[in-house]
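*Asks:* Questions regarding the structure given below will be posed in turn.
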Amino acid sequence: MPVRRLMQFITAAATAALVLSGCSGGEGGSSTPVVAGEAKRGGSVTVAEVNAFSSFNPYSADGNTDINSKIGSITHSGFYYLDDASKVVRNEKFGRIEKVSDDPLKVRYTVNEGVKWSDGDPIDAGDLLLSWAAGSGYFNDADPKAGTGTTYFTTAADTNGLAGTGLPGIGEDGRSITLEYAEPYADWEVAFDVGLPAHVVAAKSGLNDEADLIDLIKASPRGDVGKPAVNSALKQVSDFWNSGFDTKSLPPDPSVYLSSGPYIVRDIVPESSMKLVRNRDYSWGQEPWLDEINVRFTGALPAAVDALRNGQADIISPQPSAEADSLFAGLAEQGNTVDRYSQAGYDHLDLDFSGPFAAEDVRKAFLKAVPRQAIVDAVVGDLLPDAKPLDSHVFLPGQPKYADTAKNNGSGDYAEVDIDAAKALLNGRTPSVRILYNRDNPNRAKAFALIRDSAALAGFQVVDAGQGSADWAKALGSGGYDAALLGWLGTGVGVSRVPQILRTGAGSNFNGFSDGDADKVMEQLAGTTDLAKQDELLAEIDKKVWESAYGLPLYQTVGTTAYSARVTGVKPSPGPLGVWWNVWDWRLA
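So the number in the numbering used here is just where the residue sits in the sequence shown, counting from 1, plus 7.
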C-alpha cells in the first residue's frame, strides 16, 4: 500500500500528530446467534493488541502511543477522519469545516446541535477553544536552549501551524470558533479537531465551570519568550490536561473517560484487557454494528497469534519479524484471513545530543558501527522483497523523491559498517552508551543486541537501558539514556510530522536536536502548499539531519493483520490506526 508522503497521523485531536510505535482481557466469542449469510447488528469481537493501554489523552507527548490512539479514535468523534487510502473524509454529521477566506486564511468550525459527551454535556465552543489552546502553543514562553519560561500543554504534535493563529473568535451559537492564520498554512484542512472535554478539565483544575475556563483562555496573554511569566491558573489547567487522563486502570470518576464516539470504555484489567461497549446515544457518525469490543493486551507476537489460533481473539495486528514469520503459517488453513502490507512507518535509532553524544565525532563513530543491513536481515528478512536499510529521515521507499534524496543526503557515509573509521574518530576513547528500547518488542531487542555487539568492536560500552512495554515510552526525553530505538507511524496527509520531531523544542523532539537553519526551512515548509516545493524543502531538511549525525533510520515497518472467519468488515490501513480506522464496519459474518 504505497502512500504519497509519510507526514502525520490524524485523530480527533487538538492537532495532527505522528504516533509513537511501540509494537513489540476480555473473552472472545458472542452470545448473539448468527444465521449463515445474514448480517445482524449486535454481538462482540475480541482484538489482540501488543501494547497495554496507559492514557485517555492520546494527544499529549506521554499519551501519544499506538494503542492509546486506537482507543481514542473509537471513543472520540470529530470533524473528519482518514480512510485506508489516507484521504480526508469529512464527518458532516458531527459538524462543518468552512474556509471563510483565503487572504487572510480563516477557517470556521461548527459543531452540530445534539452532539454531546457521554455524560450528556454538549460539545461546544469551550471544547473547541481548549483544543486550540492545547494545540497552538499560544501561551508558551519557554526557551528550550536557555532553559527558561513555561511550556503549558505538552502536546505530541507540532504547534507550528496553529501557532500562526490568533485568539479564536467564538460564534454566537456557542458551538463554533473561527481561526485566522497570519500566514498561509499548508495543513490547514487537518490542523484542528476536538480533543478533550473542557467542562471536565475545568472542574479538575479548580475552576467553577467551563465558562470560567473560556474566560481564562480569553484573558490570558500570548506567551513572550523574552518576558516569561508563569500563568498559575492556566498552569493548573494544562497540568491536568497533560497528565490527569493518564491511567492503566478504569478511573473511579467516569468524567475522566467520557466518550464522544461510537464506543465507551466499560472496564479495564491493567496491562491485561479492556472492554468497550456501544455508545447508545451516538448518532453523529457512522452507526457501528457491534455492541461490544474486547481488547486483549498480549505483549509478544506469539501470544497474539496463539490467541487467534485458539479462538481467544478475532483480530490481531502484531508487528511481524523475519524470525517469527513462521508463526503465521497455518492461520489461513484454519479459515483466517492474513493481510500483509507496507506501513507508513519506520524504526530508527536516535542519539541524544548530550552526554557522550554531545560530541559530533562520537555520534559519527557510533553510527559507523551500527550494522543496519544485519538488522534489516534479522528483522525484516523476506517480509519485504529485497529489503534494504532506510536511507531517509523524511521519505519512504517508493515515494517520488526518495531515491534522489538518498543519493545526496549523506546517508552513504553510513551505508556499511566501518569499525576502523569509528575507532579513528574515537581516538582511544571508550564511551559508555545507554540505549532505551521496548524490551517486550523482539524486533527492538534483536536490533539492540546487534548494535551492542558491533559497537563494542569500535570501543563503545553499550548498556541495556530498555524497559517493558508499559513504561518505555514515558522514559523518552527523561535524560536517563543516551540513545533510543523507537518507531514512528504516520499517514500520507500534510507535512507536520517533520517539525513535530525535528524542530527545536518540539513536543516529540526527544533527543534535543536543534539546528537553526533546519528550523527556518521547517517554517517555510509549513506555509508551502506546492507539493513539488514541499519535497524540495523536505530533502533539504533531510540533508541537514544526516549532516548532524542525528541518528539512523533503520527500516520501513511491515504491517500484518489476521482475522477469523466469524468477523467481516475488517480493512487494514497503512497508518497508525491499522484496522481500527473503520471500526463501525466490523460485524459478525
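All residues carry an ideal CB built from backbone N, CA and C; glycine is no exception.
Per DSSP, residue 301 is paired with what?
*Replies:* Paired residues: 53 and 282.
*Asks:* If I follow the unbroken beta strand (DSSP E) through residue 567, where does it start and stop?
*Replies:* Residue 567 -> beta strand (DSSP E) spans 558-570.
*Asks:* The beta strand (DSSP E) that contains residue 105, what's its start and end?
*Replies:* Unbroken beta strand (DSSP E) run through residue 105: 102-109.
*Asks:* Out of 159, 82 and 515, state which residue places its alpha-carbon closest to the alpha-carbon of residue 203.
*Replies:* If we check each option's Cα against that of residue 203, 82 comes out closest.
*Asks:* I think residue 507 touches residue 69, with their Cβ atoms under 8 Å apart; what is that distance to the nearest whole Å?
*Replies:* Residue 507 to residue 69, Cβ: 15 Å. No contact.
*Asks:* For a test of the three-state rule: what should DSSP assign to residue 187, helix, strand or coil?
*Replies:* In the structure shown, residue 187 sits in a strand (DSSP, three-state: E or B).
*Asks:* Can you find the residues in the same chain that come closer than 6 Å, C-beta to C-beta, to residue 483, ignoring five residues on each side of it along the sequence?
*Replies:* Closer than 6 Å at Cβ, skipping near neighbours: 517.
*Asks:* Do the CB positions of residue 169 and residue 142 come within less than 8 Å of each other?
*Replies:* In contact: residue 169 and residue 142 (Cβ atoms closer than 8 Å).
*Asks:* So what does residue 491 bridge to, in DSSP terms?
*Replies:* DSSP lists 357 and 443 as partners of residue 491.
*Asks:* Residues in the same chain with beta-carbon distance under 8 Å from residue 242, minus the five sequence neighbours each way, listed in chain order, please.
*Replies:* Correct list, in chain order: 157 and 159.
*Asks:* What three-state label does DSSP hand residue 43 in the structure shown?
*Replies:* Note that residue 43 has pLDDT 39, beneath the 50 cutoff, so the model's placement of it is unreliable and no number is given.
*Asks:* To which residues does DSSP link residue 274 through a beta bridge?
*Replies:* Partner(s): 282.
*Asks:* Do the CB positions of residue 137 and residue 265 come within less than 8 Å of each other?
*Replies:* Not a contact, by the Cβ cut-off of 8 Å.
*Asks:* For the pair the segment 403-412 and the segment 431-448, tell me if three or more CB-CB distances fall below 8 Å.
*Replies:* Flag = no, the segment 403-412 and the segment 431-448 do not touch.
*Asks:* Could you check where the beta strand (DSSP E) with residue 118 kicks off and where it finishes?
*Replies:* Element bounds for residue 118: 112-118.
*Asks:* In terms of alpha-carbon separation, which member of 276, 124 and 189 lies closest to residue 108?
*Replies:* Measuring from the Cα of residue 108, the nearest candidate turns out to be 189.
*Asks:* Can you confirm whether the segment 268-282 touches the segment 574-588 when touching is taken to mean that 3 or more C-beta pairs between the two stretches lie within less than 8 Å?
*Replies:* Touching, no, given that fewer than three Cβ pairs across the two stretches are closer than 8 Å.
*Asks:* Please name the residue in 128, 97 and 193 whose C-alpha comes closest to that of residue 531.
*Replies:* It is 193.
*Asks:* Report the three-state DSSP secondary structure of residue 597 (helix, strand or coil).
*Replies:* Residue 597 lies beyond the stretch modelled for the chain, which goes from 8 to 596, so this question has no answer here.
*Asks:* Can you name, in chain order, every residue of its own chain whose Cβ lies under 8 Å from the Cβ of residue 345, other than the five neighbours on each side?
*Replies:* Within the same chain, residue 345 has close Cβ partners 335, 338, 339, 567, 568 and 569.
*Asks:* How many whole angstroms separate the CB atoms of residue 519 and residue 402, which I take to be in contact at a CB cut-off of 8 Å?
*Replies:* Between residue 402 and residue 519 the Cβ distance is about 24 Å, and since that is not below 8 Å, they are no contact.
*Asks:* Determine whether the beta carbon atoms of residue 374 and residue 556 lie at a separation below 8 Å.
*Replies:* Closer than 8 Å, so yes.
*Asks:* Using C-beta distances below 7 Å, list every residue in its chain close to residue 368, excluding the 5 sequence neighbours before and after it, in chain order.
*Replies:* Same-chain partners within the cutoff: 432.
*Asks:* Closest to residue 106 by C-alpha separation, out of 554, 93 and 198, would be which residue?
*Replies:* Cα-wise, what sits closest to residue 106 is 198.
*Asks:* Closest to residue 430 by CA distance: which of 372, 257, 174 and 480 is it?
*Replies:* Here the closest residue by C-alpha is 372.
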